[in-house]
Structure formats: structure tokens, C-alpha cells
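Protein chains: 2
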Amino acid sequence: MKRLLAATAIALLPFAAQAQDPCCATGDLGLVIERATGSLLLLDRSEHAALAQISGLGDLSHASMTYSPDERFAYVFGRDGGLSKVDLLKREVVVRTIQAGNSIGGAISDDGELVAVSNYTPGGVKVFDADTLDLIADVPADGKTIGLADLPGRRFIWTVWDSGEAFLGDFSSDSPVITNLGDVGKNPYDAVVTGDGHTYLIGLFGEKGVTAIDLWDDTPTPRKFLKDYGKIEDDMPVYKMPHLQGWAFTEGQFVLPAVGRHELLWVDRETLEEKARTPVHGQPVFIISQPASPYVWVNYATPRNGVVQVVDSRTHEVVKTLEPGKAILHMEFAPRGAEAWVSSRDDNKIIVYDTHTFEIKAEIDAQSPSGIFFTARAHQPGL
Amino acid sequence: MKRLLAATAIALLPFAAQAQDPCCATGDLGLVIERATGSLLLLDRSEHAALAQISGLGDLSHASMTYSPDERFAYVFGRDGGLSKVDLLKREVVVRTIQAGNSIGGAISDDGELVAVSNYTPGGVKVFDADTLDLIADVPADGKTIGLADLPGRRFIWTVWDSGEAFLGDFSSDSPVITNLGDVGKNPYDAVVTGDGHTYLIGLFGEKGVTAIDLWDDTPTPRKFLKDYGKIEDDMPVYKMPHLQGWAFTEGQFVLPAVGRHELLWVDRETLEEKARTPVHGQPVFIISQPASPYVWVNYATPRNGVVQVVDSRTHEVVKTLEPGKAILHMEFAPRGAEAWVSSRDDNKIIVYDTHTFEIKAEIDAQSPSGIFFTARAHQPGL
Numbered sequence: 005m006k007r008l009l010a011a012t013a014i015a016l017l018p019f020a021a022q023a024q025d026p027c028c029a030t031g032d033l034g035l036v037i038e039r040a041t042g043s044l045l046l047l048d049r050s051e052h053a054a055l056a057q058i059s060g061l062g063d064l065s066h067a068s069m070t071y072s073p074d075e076r077f078a079y080v081f082g083r084d085g086g087l088s089k090v091d092l093l094k095r096e097v098v099v100r101t102i103q104a105g106n107s108i109g110g111a112i113s114d115d116g117e118l119v120a121v122s123n124y125t126p127g128g129v130k131v132f133d134a135d136t137l138d139l140i141a142d143v144p145a146d147g148k149t150i151g152l153a154d155l156p157g158r159r160f161i162w163t164v165w166d167s168g169e170a171f172l173g174d175f176s177s178d179s180p181v182i183t184n185l186g187d188v189g190k191n192p193y194d195a196v197v198t199g200d201g202h203t204y205l206i207g208l209f210g211e212k213g214v215t216a217i218d219l220w221d222d223t224p225t226p227r228k229f230l231k232d233y234g235k236i237e238d239d240m241p242v243y244k245m246p247h248l249q250g251w252a253f254t255e256g257q258f259v260l261p262a263v264g265r266h267e268l269l270w271v272d273r274e275t276l277e278e279k280a281r282t283p284v285h286g287q288p289v290f291i292i293s294q295p296a297s298p299y300v301w302v303n304y305a306t307p308r309n310g311v312v313q314v315v316d317s318r319t320h321e322v323v324k325t326l327e328p329g330k331a332i333l334h335m336e337f338a339p340r341g342a343e344a345w346v347s348s349r350d351d352n353k354i355i356v357y358d359t360h361t362f363e364i365k366a367e368i369d370a371q372s373p374s375g376i377f378f379t380a381r382a383h384q385p386g387l
Numbered sequence: 005m006k007r008l009l010a011a012t013a014i015a016l017l018p019f020a021a022q023a024q025d026p027c028c029a030t031g032d033l034g035l036v037i038e039r040a041t042g043s044l045l046l047l048d049r050s051e052h053a054a055l056a057q058i059s060g061l062g063d064l065s066h067a068s069m070t071y072s073p074d075e076r077f078a079y080v081f082g083r084d085g086g087l088s089k090v091d092l093l094k095r096e097v098v099v100r101t102i103q104a105g106n107s108i109g110g111a112i113s114d115d116g117e118l119v120a121v122s123n124y125t126p127g128g129v130k131v132f133d134a135d136t137l138d139l140i141a142d143v144p145a146d147g148k149t150i151g152l153a154d155l156p157g158r159r160f161i162w163t164v165w166d167s168g169e170a171f172l173g174d175f176s177s178d179s180p181v182i183t184n185l186g187d188v189g190k191n192p193y194d195a196v197v198t199g200d201g202h203t204y205l206i207g208l209f210g211e212k213g214v215t216a217i218d219l220w221d222d223t224p225t226p227r228k229f230l231k232d233y234g235k236i237e238d239d240m241p242v243y244k245m246p247h248l249q250g251w252a253f254t255e256g257q258f259v260l261p262a263v264g265r266h267e268l269l270w271v272d273r274e275t276l277e278e279k280a281r282t283p284v285h286g287q288p289v290f291i292i293s294q295p296a297s298p299y300v301w302v303n304y305a306t307p308r309n310g311v312v313q314v315v316d317s318r319t320h321e322v323v324k325t326l327e328p329g330k331a332i333l334h335m336e337f338a339p340r341g342a343e344a345w346v347s348s349r350d351d352n353k354i355i356v357y358d359t360h361t362f363e364i365k366a367e368i369d370a371q372s373p374s375g376i377f378f379t380a381r382a383h384q385p386g387l
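Sequences listed follow chains L and F, in order.
Residue numbering for the first sequence follows the working numbering, starting at 5 and increasing by one per position.
Residue numbering for the second sequence follows the working numbering, starting at 5 and increasing by one per position.
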């Protein structure tokens with residue numbers, strides 16, 4: 005009997021030893037949204053490979069996500085009001101709640117404790133415990149909330165499309181403190197915080213102009229600039245609202261998409277005045293800075309959405325035009341800038357470019373891919 | 005026999021299942037150097053706890069490190085010329101080589117493929133395969149190399165104390181291409197690349213001034229600025245060379261330590277002209293930007309090294325003076341800025357501050373701690 009047990013134990017030991025071999029550093033993982041199938045593809049960025057498909061995310065036709073500070077969990081915000089906590093190591097959804105009728109995005113607090121979701125129906129912001137997804141706070145609004153972002157000190161900022169007001173929520177103590185920052189303009193459609201946490205920039209759809217709020221002020225106050233920006237004449241259709249998450253902040257400038265025009269607008273960060281314009285291939289959707297470089301990469305709205313262009317922030321000129329595939333929905337860079345990952349929804353693949361040579365280093369099959377999110381975002385304020 | 009095997013298999017199964025439970029997301033890990041014992045303490049940033057001590061790192065009296073892109077491995081550069089590859093999941097040194105007589109630092113390429121080390125004895129730069137630590141290239145220099153940093157495109161930049169020349173090494177093809185960028189000044193003692201990869205800043209010990217090289221130029225060229233900076237009179241002793249890794253880049257300004265004075269110097273990034281000075285507690289050693297804020301935190305050289313101050317980059321004034329303990333050697337922030345981790349060598353502990361309230365959130369025992377390095381550095385160009 006002893007000999008048998010010993011033999012069995014030895015036979016099983018290698019298996020157990022292998023199972024104990026630690027795996028899964030999370031620093032170079034990523035997720036891409038497969039929008040048609042409500043699934044995520046787990047990516048290994050260094051290996052240029054898909055590791056697993058994760059199902060059960062509901063309606064991801066429009067979705068975004070944010071990561072926990074340890075890069076283990078992704079919080080996925082789906083159009084159907086679903087909030088899903090995904091474990092990248094277990095490769096599955098571990099907690100899921102339908103927390104509203106319709107929502108457009110969310111954020112995680114700087115300390116990783118709270119996850120906030122931005123809702124259309126009913127309008128408002130809900131705040132959840134990041135560990136359990138228990139509801140912590142429910143802040144109703146007079147309309148659809150947009151432009152939700154985290155601020156240092158366990159705070160969040162958001163804006164309301166219908167009323168044109170921005171709000172700051174401080175959740176650092178037991179009782180949340182909500183401050184109305186005032187009127188930002190007519191029908192704000194999106195907003196973003198600069199990477200240094202200094203400025204909240206709000207795009208307006210109901211009138212011309214862009215609004216900035218200095219978040220480091222003791223009393224943050226909306227300030228309108230670029231007063232001729234946007235709000236094109238009635239006879240020029242707007243195909244798609246420009247995503248302010250796509251604004252790039254480079255070299256003392258903001259660069260933003262022209263509304264209804266095939267142009268980039270370059271704006272001086274100090275003076276908030278327009279510096280230059282770049283004629284481009286189509287109506288810009290995302291403009292994203294290539295890390296450690298003077299370049300931004302741009303994709304476009306349908307029907308001209310088969311092209312990506314690279315623009316130099318010093319000369320404001322297009323330096324490269326690429327055709328990665330059909331319906332390019334998103335771009336994401338390797339954190340130090342060596343690669344650009346581009347999703348082609350209608351070719352069902354992700355294309356990986358070398359940002360220096362523009363060679364294609366890899367292609368990864370994915371079903372109707374849209375947003376690509378690397379875990380490095382866990383360490384970036386506002387993402 | 006079958007029943008026995010079955011029973012044994014079942015008895016072992018829970019153990020095997022537990023062993024398979026994935027662990028070890030690496031996003032919120034960190035390492036602190038225990039300089040007196042040649043060891044590292046593995047930290048869990050979210051838990052405010054030490055997880056393990058890792059030994060066998062040789063002489064860490066002066067050491068630094070960089071991380072692999074997946075945040076699994078740390079490459080530790082020791083004063084004794086040791087280069088150690090540390091596995092954060094296995095919690096041990098997995099490869100180690102004594103690659104020179106005396107070295108001061110190193111860097112990892114943007115794609116994570118190469119690790120370069122900056123050597124004093126013999127002078128030069130050696131480049132290793134990041135996976136195996138096999139020697140890939142050996143670039144001798146006419147003296148001690150300083151200011152080694154990675155640049156996009158699998159390149160490195162460094163400077164030579166004795167000859168005053170800077171070099172760019174391109175390792176992206178089979179044959180390295182080394183370019184001499186020219187004379188930067190007398191006895192450059194340290195250098196650093198700005199976070200956007202735009203400018204290489206070089207501190208001079210042998211003459212007044214600081215030198216900048218625009219890395220985005222087709223022909224990067226040294227340019228002297230702040231021509232009255234440094235090189236104090238002979239009768240004022242310099243206790244410690246200011247660490248240029250401690251320079252902070254905030255709000256259109258550089259802030260750098262005065263040489264031999266109890267002051268910070270604020271310099272306009274565009275014009276390279278001095279804007280302001282801040283009188284401070286002692287001779288600054290590290291000046292580090294608090295993420296998503298207008299603040300920088302400063303520590304000081306012996307004997308006034310029991311104090312840390314917080315300075316506002318907008319007003320250039322000290323806003324807080326802290327006394328964390330004896331011999332404060334280093335500071336490191338939580339990636340989104342919520343906490344500041346401070347090492348007290350002579351109190352043998354790390355103090356964790358809430359950056360908004362300045363409350364002490366935790367203290368962690370450590371033996372003669374010096375540098376603190378969070379894995380988030382894996383995603384930062386130049387770190």
C-alpha cells in the first residue's frame with residue numbers, strides 16, 4: 005500500500021509543481037472589445053497573441069473599461085447599463101450588475117476603491133465598491149451624464165447634457181459632497197481631463213466653443229474658449245461626435261477634431277487660442293499621442309474609416325497615411341510607444357504596427373473588434 | 005487498487021486546485037533596496053505590506069533598477085558592477101552577472117528586449133539580452149559613463165564624464181550604430197530624459213550651465229543654457245551631487261536643485277530661462293512631481309536630511325514641511341498620486357503618506373531602505 009501511494013504521489017507531483025509555478029504577470033496584458041458578440045479578447049502584448057475569449061459581457065456595441073491598480077481586474081461599462089468586473093487571471097467575469105437602463109462609461113478612483121458609472125437612463129452617476137460592486141452612492145442628475153473622470157483624492161467629475169452643468173463629487177469621507185461647478189454651455193457631449201489632472205475640457209454640441217475648468221483652482225470655474233469652434237451650419241451633416249477621449253495633449257498644445265470638418269485643430273495650452281489646422285483624410289474620431297514622440301495618430305468616421313494618419317505636432321503636417329483595413333475603430337499604443345495596435349472591425353482583426361518603421365509586426369484575429377485597452381492604463385490618472 | 009487510487013486522487017485534488025488558483029497580479033507590486041544587506045524587500049502597494057525579502061543582490065550601497073514590460077522582472081544595477089534579474093513572482097534572483105568593476109545604473113529598451121548598463125570601471129556601456137542576460141554589445145568609452153537612458157526605437161543615450169561627450173546607440177538592427185552627439189560640457193555628472201522623450205538634460209560639474217539636447221531633431225545637438233547655474237565658489241562645499249533623476253517636469257517648467265545652495269530653480273521649458281527660485285530646507289537631492297497635481301516633493305542631503313517639503317509649481321512656494329524620520333533617501337508616488345512612499349534609512353522604515361491630507365497611512369519595516377521602485381515604472385519612457 006505504501007509503495008502504491010508513493011507511486012501515485014510521485015506521479016501527481018510534477019503536475020502539482022507545475023500548477024504552483026507562478027504565472028500571469030499582468031503588466032503586458034490587454035483586452036479588446038468584441039462588440040458583436042458581447043465578449044472580450046484577452047491579449048498578451050509582448051507575445052502579440054490572444055490568450056482567451058471571455059464571454060458574458062452583455063451589450064458591448066458601445067463600451068469602455070478601466071483597470072484596478074494591480075492590473076488584475078477590468079471594470080467594463082456596457083451600453084446596456086451593465087457593469088462587469090473581469091478577472092484577467094481567472095479569465096472570466098467575476099461580478100456583474102445591470103445598474104441602469106443605458107450608460108456610456110465609467111471611471112475608477114485614484115486609490116482603486118470606488119468605481120463610478122455614467123448613466124443616461126435614468127440620468128445620473130452611481131458609485132460602487134470596486135471589490136464587491138456593492139452600490140455606495142447614487143447621484144441623480146437632471147439628464148444624461150457625460151464626461152465622467154476620476155480626480156485625485158477619491159473624487160469624480162462629470163457633466164450633464166440636458167442642463168449644461170458640471171459636478172464634482174468628493175467621496176473621500178463617509179458622506180459624499182457634491183459641488184455644482186456651474187454652467188459649462190449648451191449640450192455638452194463629452195469631456196476629458198488632461199493627463200496631469202490640471203484641466204477638464206468639455207466639448208459643446210449645442211453652441212460654438214469649448215469649455216475648460218482649471219481643476220487646481222480653489223474654486224474651479226468654467227471658462228469658454230475657441231468660441232468659433234464647432235456648431236457647423238445646418239446643411240453640413242455631422243457623422244459622428246468627436247470623442248474627447250481622443251484628444252491629444254502634446255508639446256504645449258491640445259489637438260482636437262474639428263466638428264463636421266476634415267481637420268485637426270491645434271490649440272495653445274496656455275492661451276487657449278488656435279495655433280494651426282491640419283487638413284486630414286476624414287472627420288477625426290480619435291486623436292491619440294504616440295508616447296515619447298512628437299506624433300499623434302488619427303482615425304476617422306464612416307465612410308472614410310479605412311485610413312489612419314500620423315501627424316507631427318511640431319509642423320502640424322501629415323507624415324504618414326496607412327490603410328490598416330476596413331472600419332478602423334480604435335488605436336492603442338504600447339506604453340513606451342514602440343507599437344501601435346489598431347482595430348479593424350470589418351476585417352475582424354487587430355493590426356500591430358512598429359511606430360518607427362510602420363511595418364506590420366503582427367495581426368491578431370478578433371470578432372468585430374472595437375476598443376483596445378492595455379493594463380498600463382491602471383497607472384494613468386483619468387484613464 | 006482502483007478505489008485506492010481514486011481516493012488518493014481525490015485527496016490530492018483540492019491541493020492541486022488551490023495551487024492552480026492564479027495569483028500575483030504585478031501591477032501594484034514594488035521593490036525597495038535594503039542597502040546595508042544587499043537585499044530587496046518586495047512590496048504590495050495596495051496592501052501597504054512587505055511580502056518577502058529577496059537576497060543575493062551583492063553591493064546595493066548605490067543601486068537602481070528598471071522593470072520588464074510585463075512587470076514580472078526587475079533588473080537591478082549594483083555599485084559592484086552586478087546586474088541581477090529578479091523574478092517578482094518567484095521572489096528570487098533568477099539570473100545574475102558581475103559585468104563590470106563598478107557601475108552606476110542601467111536602462112531597458114522600449115520594447116523590453118535589451119538591458120543596458122552604465123559602467124565606470126571599465127568605462128563604457130554594455131548591452132544584454134533582457135531574457136538571458138547574454139552580452140549582446142560592448143561599447144567602450146573614454147571614461148565613466150553617466151546619464152544612461154532608453155529612447156524609442158531600441159536606442160540608448162549616455163554621456164561620458166571624462167571626455168564630456170554624449171552618445172546615441174541604435175540597437176534596432178544586427179549591427180549597433182553609435183553616434184557621437186558632440187561635446188556637452190566639462191565633467192557631465194548626470195543626465196535625464198524628459199517624460200515625453202523630447203529632451204536630454206545634462207548636468208555639468210566642471211563648469212557652469214546645463215546642457216539640453218532636442219532628441220526629436222534629425223541631428224540632435226547639445227545646447228547650453230542656464231549659464232550661471234552651478235559651480236559654486238570654492239569655499240562652499242557641495243555635500244552631494246544633485247540627482248538629475250530627481251528633476252521634475254511640471255506645467256511648462258523644469259525644476260532642478262541648486263548646486264551647493266538651499267534652493268530650487270524653476271526654468272521655463274520653452275525658453276530655457278530661469279523663472280523663479282524657492283528657498284528650501286537644505287540642499288535638494290530628489291525633486292519628484294506628485295502625479296496629477298501641481299506639487300513637487302523634495303528631500304535633502306545630509307546633515308539636513310530628516311525633512312521632506314512639498315512645493316507648489318504655480319506659486320513656487322513651500323506648502324508643507326514633513327519630518328518622516330532620519331535620513332530620508334528617496335520618495336516614490338502611487339501611480340495616480342494618492343500616496344507618497346518615503347524611505348527613512350536610519351529609522352529602518354518606509355512611511356506612506358496620503359498626499360491630500362498628509363496623514364501617515366502606514367509604516368513598513370525595512371533594513372536601511374534607500375530606493376523605492378513601483379512596477380508602474382515599466383510603462384514610463386526613460387524609467
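Here a beta-carbon is modelled for each residue, glycine too, at the ideal position from N, C-alpha and C.
All values derive from a computational prediction rather than experimental measurement.
Residue i, enclosing beta strand (DSSP E) - first and last residue
| i | result |
| --- | --- |
| F/HIS334 | 332–337 |
| F/PRO283 | 278–283 |
| L/GLY128 | 128–133 |
| L/GLY173 | 169–174 |
| L/ASN184 | 181–187 |
| L/VAL214 | 214–218 |
| F/LYS324 | 321–326 |
| L/ASP74 | No beta strand (DSSP E) contains L/ASP74, which DSSP labels as neither H nor E. |
| F/ALA305 | Run containing F/ALA305: none; DSSP gives neither H nor E here. |
| L/VAL346 | 343–348 |
| L/GLN257 | 257–261 |
| F/GLU267 | 267–272 |
Own chain residues within Cβ distance below 6 angstroms of residue i, not counting five before or after
| i | result |
| --- | --- |
| L/GLY210 | LYS190, ASN191 |
| L/VAL98 | LYS89, ASP91 |
| F/ILE368 | ALA54, ILE354 |
| F/ASP142 | LYS130 |
| L/ASP84 | GLY62, ASP63 |
| F/PRO226 | GLY186, VAL188, THR215, ILE217 |
| F/VAL322 | GLN313, VAL315 |
Chain-ordered chain F contacts of residue i [CB-CB under 7 angstroms]
| i | result |
| --- | --- |
| L/PRO224 | What L/PRO224 touches in chain F: nothing, since even the nearest Cβ is about 13 angstroms away. |
| L/ALA382 | GLY31 |
| L/PRO385 | PRO295, ALA296, ARG340, GLY341 |
Within chain L, the residues that residue i reaches when beta carbons sit closer than 9 angstroms
| i | result |
| --- | --- |
| F/PRO256 | This sequence places Gly at residue 256 of chain F; Pro is not what is there. Going along chain L in sequence order, the residues near F/GLY256 (Cβ under 9 angstroms) are GLY256, ARG273, GLU274. |
Own chain residues within Cβ distance below 8 angstroms of residue i, not counting five before or after
| i | result |
| --- | --- |
| L/ALA153 | ALA111, PHE160, ILE161, TRP162, ALA195, VAL196, VAL197, TYR204, GLY386 |
| L/PRO156 | ASP114, GLY201, PRO385 |
| F/GLY341 | GLN294, PRO295, ALA296, SER297, THR359 |
| L/PRO26 | For L/PRO26, the predicted model reports a pLDDT of 45, less than 50, meaning its position is unreliable; a value from the coordinates is still stated below. Cβ neighbours of L/PRO26 beyond the five flanking positions: none. |
Neighbouring residues, chain L, relative to residue i (Cβ below 8 angstroms)
| i | result |
| --- | --- |
| F/TRP220 | SER297, PRO298, ARG318 |
| F/PRO73 | GLY31, ASP32, ARG49, SER50, ALA338, PRO339, ARG340 |
Partners in chain L for residue i, counting only beta-carbon separations shorter than 7 angstroms
| i | result |
| --- | --- |
| F/THR379 | GLY31 |
| F/ASP115 | ALA342 |
Residues that residue i contacts on chain F, provided the C-beta gap is smaller than 9 angstroms
| i | result |
| --- | --- |
| L/PRO156 | GLN294, PRO295, ALA296, SER297, ARG340, GLY341, ALA342, THR359, HIS360 |
Proximal residues of chain F, C-beta to C-beta of residue i below 8 angstroms
| i | result |
| --- | --- |
| L/ARG76 | ALA29, GLY31 |
| L/GLY201 | PRO295, ALA296, SER297, GLY341 |
Residues bridged to residue i [DSSP beta-bridge criterion]
| i | result |
| --- | --- |
| L/PRO224 | Partner(s): none; L/PRO224 has no beta bridge. |
| L/GLU38 | L/SER43, L/PRO373 |
| F/PRO192 | F/LEU208 |
Same chain, Cβ closer than 7 angstroms to residue i, five either side skipped, listed in chain order
| i | result |
| --- | --- |
| L/TRP165 | GLY147, LYS148, ILE150, ASN191, PRO192, TYR193 |
| F/ALA382 | TYR71, SER72, PRO73, GLU75 |
| F/ASN184 | GLU169, PHE171 |
| F/ASP138 | PHE132 |
| F/ASP48 | ASP32, LEU33, LEU55 |
Length-filtered (3 minimum) beta strand (DSSP E) runs lying within the segment 82–158 of chain L:
86–91, 96–102, 106–112, 118–125, 128–133, 139–144, 149–155
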